[in-house]
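S.K.: In mature numbering (1 follows the signal peptide of the UniProt record, and there is no 0), the protein residues as written are -20 to -1, 1 to 110. I have a structure here, written as C-alpha cells, and I will follow up with some questions on it.
Okay, structure coming up:
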C-alpha cells in the first residue's frame, strides 16, 4: 500500500495544479436598454448556448475554462429594436486584456458594451441599424 502513496500525491497535485492553471472564465450578457427586451444567441465552435430573451436588467451568463493556446472564442448574435449584429464576446487574448476572467457585456441602445477592468466601457456599434 505504501507504494501507492506517491502516485496518489502526484495525481492530487496534477488536479489541483490544473484547477489553478486553468481557472474558469465567466461571460455575462445583460440587457441595459430601458423598457426593451433583447434576444441573444450565444455559441462557440463546440457549444451552442441557446437563444435567450432578456428583459431590462436581466442577464444570461456561462462559465468555462479557457484554452492556453488561444482557441477559446464565444460569439453572440444580438437583436434589439435599435439594431443587431454578431459579436465576439470572448476571445482569449483580447478579452483577458480587457476584462480578465469576468466579462460583462451590457447591451445598450447604441450597441453592446464590454465593462473593462481598466477604464470604462468598450462599445461596439450595431452592425445593422433598424
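Backbone N, C-alpha and C fix where the C-beta goes; we use that ideal spot for every residue, glycine too. Everything numeric in this text was worked out from a predicted model, so none of it was measured.
1. Excluding five sequence neighbours on each side, which residues of the same chain lie with their C-beta closer than 8 Å to the C-beta of residue 74?
2. Would you kindly report the start and end of the unbroken beta strand (DSSP E) that includes residue 67?
3. Answer yes or no: do residue 9 and residue 44 have a C-beta to C-beta separation smaller than 8 Å?
4. How close, in whole Å, do the beta carbons of residue 36 and residue 53 come, if the pair is a contact with beta carbons under 8 Å?
5. State the CB to CB distance for the pair residue 21 and residue 57, rounded to an integer number of angstroms; the pair is presumed to be in contact (CB under 8 Å).
6. Decide if residue 5 is buried, meaning its Cβ has at least 16 other Cβ atoms within 10 Å, or exposed.
7. To the nearest angstrom, report how far apart residue 46 and residue 15 are at their CA atoms.
8. Near residue 3, what residues of its chain come up, given a Cβ to Cβ distance below 7 Å and the 5 sequence neighbours on each side ignored?
9. For residue 31, which residues from the same chain have a beta carbon less than 6 Å from its beta carbon, with the 5 sequence-adjacent residues on both sides left out?
10. I need the straight-line Cα distance from residue 89 to residue 79, nearest angstrom please.
11. My assumption, with CB atoms under 8 Å, is that residue 66 sits in contact with residue 55. Please give the rounded CB distance.
12. Quick one: using the 10 Å Cβ neighbour count with 16 as the cut-off for buried, is residue 116 buried or exposed?
13. So if DSSP puts residue 27 in a beta bridge, which residue, or which two residues, is it bridged to?
M.R.: The answer reads as follows:
1. So the qualifying residues of the chain are 68.
2. According to the DSSP assignment, residue 67 belongs to the beta strand (DSSP E) that extends over 63 to 71.
3. no
4. So it is not a contact: roughly 28 Å between Cβ atoms.
5. 5 Å
6. buried
7. 34 Å
8. 81
9. 21
10. For the pair residue 89 and residue 79, the Cα-to-Cα distance works out to about 21 Å.
11. 6 Å
12. Absent from the structure is residue 116, since the part of the chain shown begins at -20 and ends at 110.
13. Its beta-bridge partners do not exist; DSSP assigns none.
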